[in-house]
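For what it's worth, this note's numbering labels the leading residue of the sequence shown as 437, then goes sequentially.
Cβ atoms here follow ideal geometry from the backbone N, Cα and C, with glycine treated the same way.
So the structure is just underneath, and the comments pick up after that.
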Amino acid sequence: MVVDQRDGIGLCARPAGQDIQVRAKGLFKRVNDLIAQRKALAAAQSSLRTVENRWNDGGASEGGISLLSALLSSYEQVQSAEQAVATARATREIAAANLARARGVLLDRWGLKTNIAKDIRDQPTYQLSRQ
437 MVVDQRDGIG
447 LCARPAGQDI
457 QVRAKGLFKR
467 VNDLIAQRKA
477 LAAAQSSLRT
487 VENRWNDGGA
497 SEGGISLLSA
507 LLSSYEQVQS
517 AEQAVATARA
527 TREIAAANLA
537 RARGVLLDRW
547 GLKTNIAKDI
557 RDQPTYQLSR
567 Q
């Protein structure tokens, strides 16, 4: 059993295998969120480039205040999107650490440990062995 505290309110117990499944789903959700935030950042940057091009092509004399306002708004959207990407990266890393911790709990329960070894391509890989 894995005992987990939820929101500082209470404790719940669940089997270790279920904990891994919950943590893996959480990681997949965070990865998808990061992908969505990166797409939003790319869209905001594209919008900013469009407004900057209008501004640089002499739009300052045509649109004046409204174009300047759109330019400032675009900069704010890019900044907000960059912040969202940074937050999504951090939450993805936390989810990955939680999954790794849950996997370790299961391995300990079964008396296994992981060793890093080289595979046939000389790349690092994990090997399971008895403790």
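Residue interval of the beta strand (DSSP E) (run including residue i)
i    : result
N551 : L548 to K554
R566 : P560 to R566
Test item: CB-CB of residue i and residue j under 7 Å
i    : j    : result
V521 : A506 : no
I471 : R539 : no
S571 : S510 : Because the chain spans 437 through 567 in this model, residue 571 falls outside it and cannot be assessed.
L548 : L535 : no
A524 : Q473 : yes
G462 : A531 : yes
Beta-carbon contacts of residue i that lie in its chain and below 6 Å, excluding the five residues immediately before and after
i    : result
A517 : A476, L477 and A480
I445 : With a pLDDT of only 41 at I445, under 50, the local geometry of the prediction cannot be trusted, and no value is derived from it.
7 Å CB neighbourhood of residue i in its chain, flanking five on each side removed
i    : result
D558 : none
V467 : R528
Q614 : Any answer about residue 614 is impossible in this case: the structure gives the chain only from 437 up to 567.
Where are the alpha helix (DSSP H) runs, 4 residues long or more, that stay fully inside the region 462 to 547, in chain order?
Along the region 462 to 547, the alpha helix (DSSP H) occurs as fully enclosed runs of 4 or more residues at 501 to 545, listed in sequence order.
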